[in-house]
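Numbering (UniProt numbering), first residue to last: 1 to 827.
Spelled out as C-alpha cells, the structure:
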C-alpha cells in the first residue's frame, strides 16, 4: 500500500499552466501587495525597479530585472513591512516615433498598444506590483508636471537657452546630450554624431556639480562602487588655476584653466579649439582664413571622443598670432586644433609638451620646442617621445626651482593672484544638460516666444500644454521639429501683452520624464500638484532601487540633480533619491547580446509557454550573482521545473493539521529548517539571491530524505519544513508557493504568511566536521563536538585508524590543532 502511494506521489503531474490561471484572479481579489491602506500601521519600505520602455513585449532582460526586484519586495513583505513596489511606463521618445513613421501611424497608438501588451505580460509574470499606482509618462496628466517643473527651473535660472555647438545625430535628426553619445555614436541608432550650431534649451546641472560629487559620501557602501566611480569621472572635478594670457593685437586677455600651474614655465605654445568662437575671432585678418575654414570643415564630423583620443594623429593650423607667457614673457605661437574642445573652459589651453602626451605629440608633429620643468628621473621627452607625468622637483622655472609639485602650485598661484594674472580655480568635465529635442513625441516645452516680451512661460493654469494631433503632421526627422508645421498650435497670443507670438516647437529629452517619476508613485492619484509633500515624507527616499548599469550616468545623475533642486525648493526633505542601488547584468545567448541579426534571440513568451513563469523566474535568480551577465545557453529551465515539482510534491506528503506544535517535531529536520531560513534571509539582504535559492533546495532535499527515512508526514517538523519552503520559494516562484500553501491547508496569500522566526537554539550544531591533514593533504574527516578543545581534537586525530596507519612507527614532528575544524600533522 505504502509503495503504491509513494509511486503515485512521485509521478503526480504538476500542471503549471493550470496553477497560473487559477491563482491570478484570486490574487486580484486578495491584493496582497496593495500599499498605503489607511489602516496599515506596518513600517514602510519603497522598492523600485527602473520602469520599462514599451517597445514591444517583455524580453529576457525584463524577466531578469523584474524577477530580482520582486525577490526584494516580496521578502520585505514577508518580513512584515508595508512595501510599495510600483510600476509605470517611460513612454515618450524616439522608438515610438520612429515606429510610427515606419507604419505611417500615430505614436500614441503604437505606444498605448505596447503598454497594454507589456502590462498583460507583467501580470502574467506575477510581479508584486501595486497596480493602483500605474501611470504612463506620455499621459497629459503626467507630463503636465514635467512642464510645471521646467517652469520652476526656468524661474530659478536653471533652465535657459543659448547658441552652442551641439551633438547632432543625422539619423535621428535631433540633438543629443553628451551622455547620449557612446563612442562617437548615437546611443539610439548608432549613427556617427556630428557637431551643429543651434539655439537650445539647457538645465544648469553644473551649478550642482560639487553637491553631486560630495553627496556621494552618503551612498558609499550602498551603491556599487563602479557606478559611483563612473559618476565621479563624468563630473570630473579638478583643481588648478585660471591664468590670464595677453594676446598680441587683442585688448582683452584670454583666461586659460590649467590643473598644473606649476608647469607654466614649460608652456611653449597655446592651442585653441578650432571650432571655438575664440579661434574664429583670432583668425580674422591673418591671411590664413581659407586654410583655417578648410580645416574646420574637415574636423566637423568628428566626435568629442575621437578628438580626445590619445592615439589620434595631431593636426592643426597656426593662426599667425602670439600669446605672452605671464611668468616669463615668452611669445607663444597660437595654434587651432581639434584635440581641444570648445566647451572646455574658454576653449584654449597652454601647451606644456614635456609633461602632457597630447601636447608632446602635437609639438613633435609641428617641430615646436619642448622644455622640461619637472625633473622626475624619467627619460627626457625630447629623446623618448614620452611625456613625464610623475612628481618631482621643479627645474627651469625661476623662483620655483627645487620645489615639489604641491609647494610649487601654492607658490605660483599666490604669485599670479598678487600680480592680478590668475587665481585658484576648479573646473569640471560635466556640461549643462541639453534638453531640447527636434522631435514630436515628447513633452512640449512650455515657453512662448514674444517679439516684445521675449521668453514667456505658459501660465500654470493653462497646463498641460498638450501635443497637437499627429494627423496631418510629417513626423519624418528633418532637422527641425515637426511641431513647427502645426500652425494652429504654434501661433498664439502672448500671455503678457497679447501680441502675435509663437510657441517653442522643441520637446523635452525623455530623461526629464524619468528624473522625477519615483516621486509621482506615492501621489499618482493627486491632480493639483506633482506630488504630495505628506506622501513624500511618508515613502521617500527609495529604500531599494533595481536596474541596469547602463543608466549609471544618464538617468541616475539627472535624478540626483532633480532631487537636489527640489530639496532647495523645499518640496522634498532629502537630497539623495535612492538609498540603495542594485545593478543587474544582461541576459545573453552563447556569449553575445541577443538579436535577430545574430540568430540568437530567445523569446520570453516562448520560454514561458514551455516551462512556466515560476521556472523562468527561478532560473534567472539562480543563474548567478545578480550583477553578473546570464548566458541563457547555460541556464536550465527544465531543471527548475523538476525542482519546483519536487517541492510541490512535499506539500502533498504533510498529514499534520495546520497549527501543529513544531517543537514536538524531529529535531534534526527542525535544525535544517531554521538554518535554511536564517541563511536564506541573510543571502537575500546581501543580494546573493542564488545562494538563498540553494538553501531552499538543500531543505527540500533534507525534507524528502527525512520523510523517506521514516519521519512521516504527520511529524510536525515536516509541516514546519514544508511551510518554510513554501514561504521561501514564494520570493521566486509565487504560483508554486501558493499552490503548496493551499495544499497545506492555508488561505491565500502565502505572500502575507510572514517570514518564520528563527530559533537561535536550533542554529547551534550538534557536531561539526573536522578535517585531518598530514603535511597539508586531507586524509580523513570526522564529526566532533563544536566545543571540543585543541588538545581533545589532537588526541582524536592521532588515535584515528587511518592516521595511525599513515604514520606507522614514525612520530609526528608537529601537530597543529585548530578546534573544532582542523588538525594538521607534520610527519
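In this text, a Cβ means the ideal position worked out from N, Cα and C, and glycines have one as well.
Rounded Cβ spacing between residue i and residue j (contact assumed at less than 8 Å)
i, j, result
"residue 45", "residue 83", "5 Å"
"residue 333", "residue 354", "Not really, about 17 Å apart at Cβ, beyond 8 Å."
"residue 473", "residue 482", "5 Å"
"residue 623", "residue 635", "5 Å"
"residue 468", "residue 489", "4 Å"
"residue 352", "residue 361", "Not a contact, Cβ separation roughly 13 Å."
"residue 207", "residue 575", "Not a contact, Cβ separation roughly 14 Å."
"residue 587", "residue 630", "5 Å"
"residue 620", "residue 67", "5 Å"
"residue 80", "residue 599", "So it is not a contact: roughly 48 Å between Cβ atoms."
"residue 240", "residue 427", "7 Å"
"residue 762", "residue 671", "5 Å"
"residue 54", "residue 115", "5 Å"
"residue 495", "residue 448", "6 Å"
Test item: CB-CB of residue i and residue j under 7 Å
i, j, result
"residue 715", "residue 665", "yes"
"residue 176", "residue 169", "yes"
"residue 265", "residue 327", "yes"
"residue 815", "residue 794", "yes"
"residue 732", "residue 618", "yes"
"residue 751", "residue 107", "no"
"residue 399", "residue 262", "no"
"residue 69", "residue 49", "yes"
"residue 722", "residue 654", "yes"
"residue 566", "residue 572", "yes"
"residue 271", "residue 337", "yes"
"residue 627", "residue 690", "no"
"residue 92", "residue 442", "yes"
"residue 118", "residue 446", "no"
"residue 85", "residue 604", "no"
"residue 63", "residue 782", "no"
"residue 23", "residue 738", "yes"
"residue 523", "residue 535", "yes"
"residue 758", "residue 729", "no"
"residue 247", "residue 323", "yes"
Buried or exposed (CB count within 10 angstroms, at least 16 for buried), residue i
i, result
"residue 774", "buried"
"residue 103", "exposed"
"residue 17", "exposed"
"residue 809", "exposed"
"residue 154", "buried"
"residue 138", "buried"
"residue 718", "buried"
"residue 529", "exposed"
"residue 438", "buried"
"residue 141", "exposed"
"residue 9", "Below a pLDDT of 50, predicted positions are generally treated as unreliable, and residue 9, at 42, falls in that range; the measurement from the model is reported next regardless. Exposed, by the Cβ-count rule."
"residue 205", "buried"
Contact with chain B by residue i, beta-carbon distance below 7 Å
i, result
"residue 79", "The chain inventory of the structure shown lacks chain B, comprising one protein chain alone."
Residue range of the unbroken alpha helix (DSSP H) whose run includes residue i
i, result
"residue 491", "No alpha helix (DSSP H) contains residue 491, which is instead part of the beta strand (DSSP E) from 491-493."
"residue 325", "Careful: residue 325 lies outside any alpha helix (DSSP H) and carries neither H nor E."
"residue 564", "554-568"
"residue 61", "60-78"
"residue 681", "667-685"
"residue 108", "107-124"
"residue 777", "Unbroken run through residue 777 is the beta strand (DSSP E), 777-784; no alpha helix (DSSP H)."
"residue 200", "Where residue 200 is concerned, there is no enclosing alpha helix (DSSP H), although the beta strand (DSSP E) it sits in stretches over 194-203."
"residue 639", "637-653"
"residue 363", "357-366"
"residue 379", "Unbroken run through residue 379: none, as it is neither H nor E."
Terminal residues of the beta strand (DSSP E) in which residue i lies
i, result
"residue 500", "500-503"
"residue 269", "269-273"
"residue 239", "238-247"
"residue 337", "331-337"
"residue 168", "159-169"
"residue 449", "447-450"
"residue 795", "Residue 795 -> not in any beta strand (DSSP E); alpha helix (DSSP H) instead, spanning 790-799."
"residue 82", "82-84"
"residue 769", "768-774"
Evaluate the contact criterion for the segment 113-128 versus the segment 498-513: three or more CB pairs, one atom per stretch, below 8 Å. Judged by pairs of C-beta atoms under 8 Å, the segment 113-128 does not touch the segment 498-513, as fewer than three such pairs exist.
Are three or more beta carbon pairs between the segment 179-189 and the segment 222-233 nearer than 8 Å? Under the Cβ criterion (8 Å, minimum of three pairs), the segment 179-189 does not count as touching the segment 222-233.
Evaluate the contact criterion for the segment 606-615 versus the segment 637-645: three or more CB pairs, one atom per stretch, below 8 Å. At 8 Å Cβ cutoff, the stretches touch.
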